[in-house]
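This report refers to the structure that appears directly beneath it.
Numbering (the numbering used here), first residue to last: 5 to 125.
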C-alpha cells in the first residue's frame, strides 16, 4: 500500500472475500469510500496488512484446503497466490505474522510459513 500523507485504509472480510475502504476526511466529517474487493475467497479470515500488502486467508473447509493470497493494498492487484501449497483447511485462530513471515496452521497439524520482503534493512 503506497500510503500518501494522511491516507488511511480499512480492509475487512466479507462472506465471499475481502473489501477495502478509504477513510476520507472532508473537514470535520469522516466517511468511508469504497475501494477494491476480492470475491474469490471461501471462508475468509480477517486480513493481515504488512508493509502495505494485504494478506488474505481463504480458510477452506471439509473438502477445500486453505489458500493464502497477497494483494497490493491500494489497488487490490494480486501479487502472490499459494494455490495448492496447503493440503488442509486452516485451523481456527492460526493466521498471524511475525519476523517477516506469514504463518498458517492447518487442521492436519501442519504449520506453513510464507516469507515476504521486509523493508527494514
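Cβ atoms here follow ideal geometry from the backbone N, Cα and C, with glycine treated the same way.
Can you check the region 18–62 for any alpha helix (DSSP H) of at least 4 residues that lies completely inside it and give the ranges in chain order?
none
Would you list the residues sitting across from residue 87 in a DSSP beta bridge?
None; residue 87 has no bridge partner.
What three-state label does DSSP hand residue 96 in the structure shown?
strand
Have a look at residue 86 and residue 73 and give me their C-alpha separation to the nearest angstrom.
6 angstroms
If you measure between the beta carbons of residue 68 and residue 94, is that distance less than 8 angstroms?
no
Please return the same chain residues whose Cβ sits closer than 6 angstroms to the Cβ of residue 50, not counting the five positions on each side in sequence.
17
Report all residues from its chain with a CB closer than 8 angstroms to the CB of residue 43; omit the five preceding and five following residues, and keep chain order.
18, 20, 21
Give the secondary structure of residue 65 by DSSP, where H, G and I count as helix, E and B as strand, and everything else as coil.
coil
Find the nearest neighbour of residue 105 within the set 97, 113, 54, 31, judged by alpha-carbon distance.
54
Using 10 angstroms around the beta-carbon of residue 113, count the other beta-carbons present and answer buried if the total reaches 16, otherwise exposed.
By the neighbour-count rule (16 or more Cβ atoms within 10 Å), residue 113 is not buried but exposed.
Distance, Cα to Cα, residue 11 vs residue 41?
The alpha-carbon atoms of residue 11 and residue 41 are separated by roughly 18 angstroms.
If residue 14 and residue 36 are in contact, beta carbons under 8 angstroms, what's the gap, nearest whole angstrom?
Yes, residue 14 and residue 36 are in contact; Cβ-Cβ is about 7 angstroms, under 8 angstroms.
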